[in-house]
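Peer 1:
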C-alpha cells in the first residue's frame with residue numbers, strides 16, 4: 002500500500018448462509034432472553050462483576066510493572082476490585098445502582114443531544130437528532146420514574162433488544178447482494 006491508497010474495510014469472508022444462520026440464532030436467542038429480563042439482568046451484573054475483578058487484577062499487574070503513576074494504577078485496581086466484588090456478592094443491589102446510573106446517564110445524554118439538535122437546526126438530519134434526543138430523555142425518565150422496580154427488567158431488556166437488532170443487522174447484511 003502506498004501513501005495514496007486508503008485502507009480497505011470489507012465484509013467478513015464467511016459464506017452468506019453461515020452469517021444468516023448466526024443472525025437467525027442471535028434473533029431467536031434475543032427473543033428468548035427478552036422473555037427472562039430479570040434473569041438476564043442478574044447474569045449481566047454477575048458476569049460484569051467478574052470482569053471488573055479481572056480488570057482490577059490486570060490493572061494491579063500494570064501498576065507493578067509501570068515505573069510511574071503506581072499510586073494511580075493501584076487506586077484504579079482497588080476501585081475495580083471493590084466494584085467487582087460488590088457486584089458478585091450483592092448482585093441485586095448492584096443491579097439497582099447500575100440501573101440508576103444508566104437512567105441518569107440517559108437523561109444527561111438526552112439533554113446534550115437536545116442542545117445539539119437545537120444548535121444544528123439548519124443541518125440535514127436535524128429532525129432525527131431532535132427525535133433521538135426526545136426518545137433518550139423519555140427512556141431515561143421511564144427508567145428513573147420506575148426506579149428501583151425498573152432495575153428488575155431494564156438491563157436485561159436492553160441486552161436482549163441489542164442482541165435482536167444485532168441479529169437483524171447481520172441478517173440484512175448477509176442477504177444484501179454482493180457487488181464486485
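Numbering (my numbering), first residue to last: 2 to 181. Even for Gly, the Cβ is constructed at its ideal location relative to N, Cα and C. This one's a predicted model, so the numbers in the text were calculated from it and none came from an experiment.
#1: Should residue 27 be labelled buried (16 or more other beta-carbon atoms within 10 Å of its own) or exposed?
#2: Using the Cα positions of residue 166 and residue 160, report the straight-line distance between them to the nearest angstrom.
#3: Rounded to whole angstroms, what's the CA-CA distance from residue 143 to residue 67? Just pull it up for me.
#4: For residue 165, does the three-state DSSP call read helix, strand or coil?
#5: Confirm, please, whether the CB-CB distance from residue 157 to residue 52 is below 8 Å.
#6: To the nearest angstrom, how far is the alpha carbon of residue 34 from that of residue 170?
#7: From the DSSP output, in three-state form, read off residue 138 for me.
Peer 2: Well, looking at it:
#1: buried
#2: 10 Å
#3: 44 Å
#4: helix
#5: no
#6: 18 Å
#7: helix
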